[in-house]
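Numbering (numbering that gives the first Met the number 0), first residue to last: 0 to 87.
Glycine residues also receive a C-beta, built at the ideal position from the N, C-alpha and C atoms.
Following: one structure in structure tokens, then a few remarks.
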Amino acid sequence: MTTRTRRETVHFRHPFRIKGIDRQLAPGAYEIITDEEMIEGLSFPCFRRVATMIMVPGAPPHRSAMEMISISSIDLSDAQRIDASAPA
């Protein structure tokens, strides 16, 4: 099975929460890692998402460490939508 990993940076302007993370996260840039696998048997390359993770600062007192936490892509989209619609 062919797999690939995509990385992107998303920006939040306000403190936010994502389901599955037990604390509020600070505004800023966050790295999103998405693992995808190729769907076999098609006449063209097509991938499906199998995992989405976000890199966040460690919970106190370990703020200097980074955690990779598995999240739902829908929950990430919801957090981005809420952040974008929040008053400046």
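Between residue 69 and residue 50, the beta carbon gap of about 6 Å places them in contact (Cβ cut-off 8 Å). Residue pairing by DSSP places residue 69 opposite 52 in a beta bridge. Distances from the alpha-carbon of residue 31 to those of 75, 87, 25 put 75 closest.
If you draw a straight line from the Cα of residue 29 to the Cα of residue 41, it is about 34 Å long. Burial state of residue 73 is exposed, judged by a 10 Å Cβ sphere holding fewer than 16 other Cβ atoms.
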